[in-house]
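A.B. asks: In the order they appear, the protein sequences are chains V and R.
230 is the number that UniProt numbering gives to position 230 of the first sequence; each next residue is one higher, with no gaps.
47 is the number that UniProt numbering gives to position 47 of the second sequence; each next residue is one higher, with no gaps.
Using N, Cα and C, we set each Cβ at its ideal position, and we do this for glycine too.
Here the structure is a predicted model, which is why all the values come from computation and not from measurement.
Provided herewith is a single structure, encoded as structure tokens, for subsequent inquiry.
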Amino acid sequence: MSGPVLISFDKVWKSYGQGEARVHALAGVDLAIRKGEFVAIMGPSGSGKSTAMNIIGCLDTPTSGTYSFEGIDAGRLDRNRRALLRNLYVGFVFQGYNLLPRTTAAENVELPLIYRGVARSERRALAMQALAEVGLVGREHHTPAELSGGQQQRVAIARAIVTRPTLLVADEPTGNLDTARTHEIMELLTRLNAELGLTIAMVTHEADVAAYAERTIRFLDGHVASDSKNLEMA
Amino acid sequence: MIWETVRLSLISIRRNVLRSFLTLLGIVIGVAAVIAMLTIGSGTTEKVKADISKLGSNLLVVRSGRPAGPGGPGGLDQVVRPLAEKDLAALVAHLSGARAISPASQKQVRVIFGTESLTSGVTGTDSAYLDARDWKLVSGRPFSDSETRSGAGVCLVGETVRQQFFGAGDPEGEIVRVNRTSCKIIGLLEPKGYTGFGQDQDNVVLMPLAAYQRRIAGNRDIDSIYIAADDRTPTTELQPRVEDILRDTRRITPDRDDDFSIRDMTQIADAMASATTTMTGMLGAVAGVSLLVGGIGIMNIMLVSVTERTREIGIRLAIGAHEKHILIQFLVEATVLSLLGGIIGILIGLALAAIASVTLTIPFSPSPAVILLAVGFSALIGMVFGFFPALRGARLDPIDALRHE
């Protein structure tokens, strides 16, 4: 299932503040994720996992060390180049869904394509396809307020995969969902990982959610505390 | 991309109808005020011009007495020497470039018909008067030369006189009493309406000058001489010629000032019109200030909008929006908003001007240039006042923006 290295951290530090008050969110992290991997990232609050996720998603840059994405030194790019990188290669799924309110599911899914400059008719078709892939046929013209939490998260996933990204960054994607919905979403992510070869990096608190991934990286005090292959679920 | 953004901004304006409307209000009021002021103003200018041209276009009016100026009108040091028939005769004989030259003496006199009476402006003149004043007859005929010469008891009446005595009936052939004399009506003058100064131009009775002098005034004086320039001669060219001829016949030595005045109606019209235009400009500028206030309103709301939609901006940035996409989005939104306000304002302004033109009886004259300017200006206001909030949105850090509650 795993291909060449997609993401690598080389002695990555991320520090905030000055002098005495200087805090190291990441303290010399080395890490690699291969194409097609499904990785769960765990750790208590303040362990540095969110900072790591922001860097992985090209939202943030390291203070020192090298972060490379597909061989590109993404940590040294300016914000507009990182925006382009996100638009071309990264899809995001958040705990709070983060859909545009009062905007239909289809329009939400089309959004990343607008910034790519895709023509309207093609956009519509791609959005419909993505919504079909997450099992939301017939809900295209509903606004987020008219959808359940699970359905909203499916729209968010459709929005993330509509550009056929290399990497999906999921920040506690099931944090707001009940157990049944959680398993549905996790099965969807697992299927996308398998069918599309989508690399997934997912932050989670829950062990049973992490168990859907092939590999779990645990952060503690800005370091990688453990990095292990998961046992296949029964 | 830009059409997509315009569409998105329209959606977002529709999502917040009340807030968008309140934002628009400033621009709507500003643009409506500017449009109404300028449109009413240019209508007033036209009205003033039309009123003055009713007095006769390309017209010079000669009166006795020193012209107004330093030292004041008239002058206490000299007895005013009235205009005389020889002055008129000299002008008729020597003045070139005039279409019509006509004397006029006027007095407010009680006119009686049957049991009705009316105080009217009785004017003694000749048949050239109609031509000089650009006045036509609705019915009847002007004085004949022999009637003018002999001072026959005939007269032409204005519309107000007719209505007072005859209602809608035909006045021709009726005999009215003017002072202690009587005259036969031989024609009806075309209605001219009121002047801009509220004077009824139709409350007149015209009679031959000789008849007026003999029976009403009791002297041989001429109050004024009307001189209409022909089409090829501007009044400014005609005026010095008139002055030369009159100085000559009135034997005024070079060391003395004129003892008569020549008023150029065209110049008066221009002066009045330019005064109204200045007034219009000032009112427009005051209204323009309210546009500026409207622009600040837009900026305020756009700042609120950016703050309120920080999370949305975060989402957009996360999924790959470039800084310029966010900038354009908010800029277009502000521009569309103020443009919308501008268009509504233009409609309201034109409606107000139309109402005013009916109540003030001035012409309704919307200027396409002013409307275009208002559209352009309101768009500009949106861009200028929307730029700072838009830039603020575009510069947001996506991580912070996503965390924003």
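My output table needs one value for residue 362 of chain R: the three-state DSSP class, helix, strand or coil.
C.D. replies: Reduced to three states, the DSSP call for residue 362 of chain R is coil.
A.B. asks: Any idea which residues DSSP pairs residue 66 of chain V with across the strands?
C.D. replies: Note: residue 66 of chain V sits in a beta bridge opposite V:10.
A.B. asks: Please list the terminal residues of the continuous alpha helix (DSSP H) segment that includes residue 311 of chain R.
C.D. replies: Here the alpha helix (DSSP H) through residue 311 of chain R covers 310-318.
A.B. asks: Using beta-carbon positions only, say whether residue 90 of chain R and residue 264 of chain R come within less than 9 Å of one another.
C.D. replies: For residue 90 of chain R and residue 264 of chain R, no; Cβs fall outside 9 Å.
A.B. asks: Please compile the residues from chain R whose C-beta is within a distance smaller than 8 Å of the C-beta of residue 217 of chain V.
C.D. replies: By Cβ distance, chain R contributes nothing, its closest Cβ being about 20 Å from residue 217 of chain V, past 8 Å.
A.B. asks: Could you have a look at residue 252 of chain R and say whether DSSP puts it in helix, strand or coil?
C.D. replies: In the structure shown, residue 252 of chain R sits in coil (DSSP, three-state: anything other than H, G, I, E or B).
A.B. asks: Give, in chain order, every residue of the stretch 372-405 of chain R whose Cβ lies closer than 8 Å to some Cβ of chain A.
C.D. replies: Protein chains in the displayed structure are V and R, and chain A is not among them.
A.B. asks: Between residue 81 of chain R and residue 270 of chain R, how many whole angstroms is the CB-CB distance? I'm expecting something under 8 Å.
C.D. replies: Rounded, the Cβ-Cβ distance is 30 Å, inconsistent with contact.
A.B. asks: Would residue 176 of chain V count as contacting chain R if we go by Cβ distances under 9 Å?
C.D. replies: With 9 Å as the cut-off, residue 176 of chain V does not count as an interface residue toward chain R.
A.B. asks: Cβ of residue 112 of chain V less than 9 Å from any chain R Cβ?
C.D. replies: By this cut-off, residue 112 of chain V is an interface position.
A.B. asks: Taking its Cβ as the centre, do 16 or more other Cβ atoms sit within 10 Å of residue 73 of chain R, making it buried, or is it exposed?
C.D. replies: Model confidence at residue 73 of chain R stands at a pLDDT of 49, short of 50, so the residue's coordinates are unreliable and nothing is read from them.
A.B. asks: With a 10 Å radius around its C-beta and 16 neighbouring C-beta atoms as the bar for buried, classify residue 358 of chain R as buried or exposed.
C.D. replies: That one is exposed.
A.B. asks: Helix or strand or just coil, what does DSSP make of residue 75 of chain R?
C.D. replies: For residue 75 of chain R, the pLDDT reaches just 48, beneath the cut-off of 50, and the residue's location in the model is therefore unreliable, although a value from the coordinates is still provided. If DSSP states are grouped into helix, strand and coil, residue 75 of chain R belongs with coil.
A.B. asks: Let me know the secondary structure DSSP gives residue 239 of chain R once reduced to three states.
C.D. replies: The answer is helix: DSSP assigns residue 239 of chain R an H, G or I state.
A.B. asks: Among residues of its own chain, excluding the 5 on either side of residue 42 of chain R, which ones have a beta-carbon nearer than 7 Å to its beta-carbon?
C.D. replies: Excluding sequence neighbours, residue 42 of chain R sits near 280, 365 and 367.
A.B. asks: Quick one: give me the first and last residue of the beta strand (DSSP E) that residue 217 of chain R is part of.
C.D. replies: First-last for residue 217 of chain R: undefined, no H or E at that position.
A.B. asks: Is the stretch 155-166 of chain R touching the stretch 88-105 of chain R, taking contact as three or more C-beta pairs under 8 Å?
C.D. replies: As far as the Cβ criterion goes, the stretch 155-166 of chain R does not touch the stretch 88-105 of chain R, which means the pair count is below three.
A.B. asks: Are the beta-carbon atoms belonging to residue 45 of chain R and residue 370 of chain R less than 9 Å from one another?
C.D. replies: No, the pair does not count as a contact, with Cβ atoms beyond the cut-off.
A.B. asks: State yes or no: is the beta carbon of residue 88 of chain V nearer than 9 Å to at least one beta carbon in chain R?
C.D. replies: Yes, its Cβ sits closer than 9 Å to a Cβ of chain R.
A.B. asks: Helix, strand or coil: which one does DSSP assign to residue 113 of chain R?
C.D. replies: If DSSP states are grouped into helix, strand and coil, residue 113 of chain R belongs with the strands.
A.B. asks: Which class does residue 404 of chain R belong to by DSSP, given the choice of helix, strand or coil?
C.D. replies: Residue state, collapsed to three classes: coil.
A.B. asks: Distance check for residue 386 of chain R and residue 146 of chain V, CA to CA, integer angstroms please.
C.D. replies: One C-alpha to the other measures close to 33 Å.
A.B. asks: Around the Cβ of residue 49 of chain V, are there at least 16 other Cβ atoms within 10 angstroms (buried) or fewer (exposed)?
C.D. replies: When all chains shown are included, residue 49 of chain V counts as buried.
A.B. asks: Just the Cα atoms here: how many angstroms apart are residue 15 of chain V and residue 34 of chain V?
C.D. replies: The alpha-carbon atoms of residue 15 of chain V and residue 34 of chain V are separated by roughly 26 Å.
A.B. asks: What does residue 79 of chain V reach in chain R if we use C-beta pairs closer than 8 Å?
C.D. replies: Per Cβ cutoff of 8 Å: 323.
A.B. asks: For residue 275 of chain R, count neighbouring Cβ atoms within 10 angstroms of its own Cβ and tell me buried if that reaches 16, exposed if not.
C.D. replies: Exposed.
A.B. asks: Any beta carbon from chain R within less than 9 Å of residue 99 of chain V's own beta carbon?
C.D. replies: For residue 99 of chain V, the answer is yes, since a Cβ of chain R falls inside 9 Å of its Cβ.
A.B. asks: Taking 9 Å as the cut-off, decide whether the C-beta atoms of residue 44 of chain V and residue 13 of chain V are in contact.
C.D. replies: Contact flag unset, no.
A.B. asks: Residue 4 of chain R versus chain V: which residues are under 9 Å apart at the beta carbon?
C.D. replies: Neighbours of residue 4 of chain R on chain V, chain order: 114 and 120.
A.B. asks: Expressed to the nearest angstrom, what Euclidean distance is found between the alpha-carbon atoms of residue 86 of chain V and residue 326 of chain R?
C.D. replies: Looking at the two C-alpha atoms, the distance is approximately 16 Å.
A.B. asks: Which word fits residue 186 of chain R, buried or exposed, when buried means at least 16 other C-beta atoms lie within 10 angstroms of its C-beta?
C.D. replies: Classification of residue 186 of chain R: buried, given that the 10 Å Cβ count is 16 or more.
A.B. asks: Could you please give me the residues that DSSP links to residue 24 of chain V through a beta bridge?
C.D. replies: In DSSP, residue 24 of chain V forms a bridge with V:15.
A.B. asks: Applying a beta-carbon distance threshold of less than 7 Å, which residues of chain R neighbour residue 60 of chain V?
C.D. replies: The contacting residues are 399.
A.B. asks: For chain V, check one thing: does any of its Cβ atoms lie closer than 9 Å to the Cβ of residue 312 of chain R?
C.D. replies: True, the Cβ-Cβ gap to chain V drops below 9 Å.
A.B. asks: Along the chain, where does the beta strand (DSSP E) that runs through residue 259 of chain R open and close?
C.D. replies: It is not in any beta strand (DSSP E) - residue 259 of chain R carries neither H nor E in the DSSP assignment.
A.B. asks: Let me see if you follow: with CB-CB separation under 9 Å, is residue 103 of chain V close to chain R or not?
C.D. replies: It does: the Cβ of residue 103 of chain V has a partner Cβ on chain R nearer than 9 Å.
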